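Enquirer: Handing you this structure, nothing more for now.
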Amino acid sequence: MNLPPLNELYGQRSSFAPAMGMTQAYNYPPPPQLSTPYFNVPRSEQNQFLPLTSIPQTLPTLNGPPSPQNRPHCEKCKGQKYGFTAYFHNTKIFHEPPHELLPWVERSYFLKNRLQSLLVTYTVQEFDPTYLRDIEIEVNNWRLQVEALVHEVGTWGNGSERVVTAVGEVHQWTKGMVKQLWDHVVGNQRLLMPKGRAKELVLEFRKGWERVWIGSAEHRRQFLLSQTCMPSFS
Numbered sequence: 001m002n003l004p005p006l007n008e009l010y011g012q013r014s015s016f017a018p019a020m021g022m023t024q025a026y027n028y029p030p031p032p033q034l035s036t037p038y039f040n041v042p043r044s045e046q047n048q049f050l051p052l053t054s055i056p057q058t059l060p061t062l063n064g065p066p067s068p069q070n071r072p073h074c075e076k077c078k079g080q081k082y083g084f085t086a087y088f089h090n091t092k093i094f095h096e097p098p099h100e101l102l103p104w105v106e107r108s109y110f111l112k113n114r115l116q117s118l119l120v121t122y123t124v125q126e127f128d129p130t131y132l133r134d135i136e137i138e139v140n141n142w143r144l145q146v147e148a149l150v151h152e153v154g155t156w157g158n159g160s161e162r163v164v165t166a167v168g169e170v171h172q173w174t175k176g177m178v179k180q181l182w183d184h185v186v187g188n189q190r191l192l193m194p195k196g197r198a199k200e201l202v203l204e205f206r207k208g209w210e211r212v213w214i215g216s217a218e219h220r221r222q223f224l225l226s227q228t229c230m231p232s233f234s
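Counted the way the UniProt record's numbering counts, the sequence shown spans residues 1 to 234.
Put into structure tokens, the structure is as follows:
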């Protein structure tokens, strides 16, 4: 599979433009695998990305797991690696646990952790520039996995303008983050990383996805309520 190098990628028009409508808004596909194979991506010399725009940090977040003695238990909230019981059952965030979102929420969590690893490895620590090709493949692989999740969520969440907008913001943020990271790696422009900055960027990414999940859960709730309120003609 031939993919464009990072310097050409964002000169192209984005194909992410989900249609609006309620039809099959909650016909979720089977949960995909959490891992995506790496691709052989040609090396690039310069890039043409859009600037990074921060997502407002105003959403409630999952601030780590509760202590074992206070931890609620729900099998439906248990993912392949992470548990989201405390998050899903937090009534300040969700009216009811969005169990149907579990596979996608967990994937976003894996991608968040991968972003943190990329930032620490290539901006906080020193790296060997002779492995530039491998680094590009690694960064591009993360981007591809984010875009795959964006596409999937945008497909089944296209009944809500709120969800579509939130997914689009994550997509644009990711493009900007890849630009800044790759500019730093190839020496075009240094990505300053004072203490705590990497954590802030990871938090922005997580909050962007949280906006998506909150919007998706609320739209589904409103959709189901509208179905129960429909008059019967029998």
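For glycine and all other residues, C-beta sits at the position ideal for the given N, C-alpha and C. Since the model is a prediction, treat every value here as computed from it, not as a measurement.
In or out: Arg190 buried (at least 16 other Cβ within 10 Å) or exposed?
Expert: Walking along the sequence shown from the start, residue 190 turns up at place 190. Exposed: under 16 other Cβ atoms inside 10 Å.
Enquirer: Assuming Val212 and Val146 are in contact, meaning their beta carbons sit under 8 Å apart, how far apart are those beta carbons, in whole angstroms?
Expert: The residue labelled residue 212 in the question sits at position 212 within the sequence shown. The residue labelled residue 146 in the question sits at position 146 within the sequence shown. Contact doesn't hold; Cβ gap of about 12 Å is too wide.
Enquirer: Rounded to a whole number of angstroms, what is the C-alpha to C-alpha distance between Gln125 and Glu106?
Expert: Stepping through the sequence shown from its first residue, residue 125 is reached at position 125. Stepping through the sequence shown from its first residue, residue 106 is reached at position 106. Each residue's Cα considered, the two are about 27 Å apart.
Enquirer: Using the C-alpha atoms, what's the distance from Leu101 back to Val187?
Expert: Counting from one through the sequence shown, the residue named residue 187 turns up at place 187. Counting from one through the sequence shown, the residue named residue 101 turns up at place 101. Note that residue 187 is Gly in the sequence shown here, rather than Val. Near 39 Å, if we compare the C-alpha coordinates of Leu101 and Gly187.
Enquirer: I need the boundaries of the alpha helix (DSSP H) containing Gly196, first residue and last residue.
Expert: Your numbering for residue 196 matches position 196 in the sequence shown. Looking at the DSSP string, Gly196 is not in any alpha helix (DSSP H), and its letter there is neither H nor E.
Enquirer: Can you tell me whether DSSP reads Gly79 as helix, strand or coil?
Expert: Taking the first residue of the sequence shown as 1, we reach residue 79 at position 79. Correct three-state label for Gly79: coil.
Enquirer: Compute the distance between the beta-carbons of Cys74 and His89, then report whether it is under 8 Å.
Expert: Stepping through the sequence shown from its first residue, residue 74 is reached at position 74. Stepping through the sequence shown from its first residue, residue 89 is reached at position 89. Result yes, Cβ atoms of Cys74 and His89 sit closer than 8 Å.
Enquirer: Please identify the residue among Val139, Lys199, Thr91 and Trp209 whose C-alpha is closest to the C-alpha of Gly168.
Expert: Taking the first residue of the sequence shown as position 1, residue 168 is located at position 168. Nearest C-alpha to Gly168: Trp209.
Enquirer: How would you label Thr165, buried or exposed, when you count the other beta carbons within 10 angstroms and need 16 or more for buried?
Expert: Start at 1 with the first residue of the sequence shown, and residue 165 comes out as number 165. Its Cβ having fewer than 16 others within 10 Å, Thr165 is exposed.
Enquirer: Going by beta-carbon coordinates alone, are Pro98 and Ala217 separated by less than 8 Å?
Expert: Translated into positions along the sequence shown, residue 98 becomes position 98. Translated into positions along the sequence shown, residue 217 becomes position 217. Cβ distance < 8 Å, so Pro98 and Ala217 count as in contact.
Enquirer: Are the CB atoms of Leu111 and Ala198 within a distance shorter than 8 Å?
Expert: In the sequence shown, counting from the first residue as 1, residue 198 sits at position 198. In the sequence shown, counting from the first residue as 1, residue 111 sits at position 111. No, Cβ-Cβ distance for Ala198 and Leu111 is not below 8 Å.
Enquirer: Judging by CA-CA distance, which residue of Lys92, Lys81, Gln227 and Gly215 is the nearest neighbour of Trp156?
Expert: Sequence index remark: in the sequence shown, residue 156 carries index 156 (1-based). Comparing Cα positions, the closest option is Gly215.
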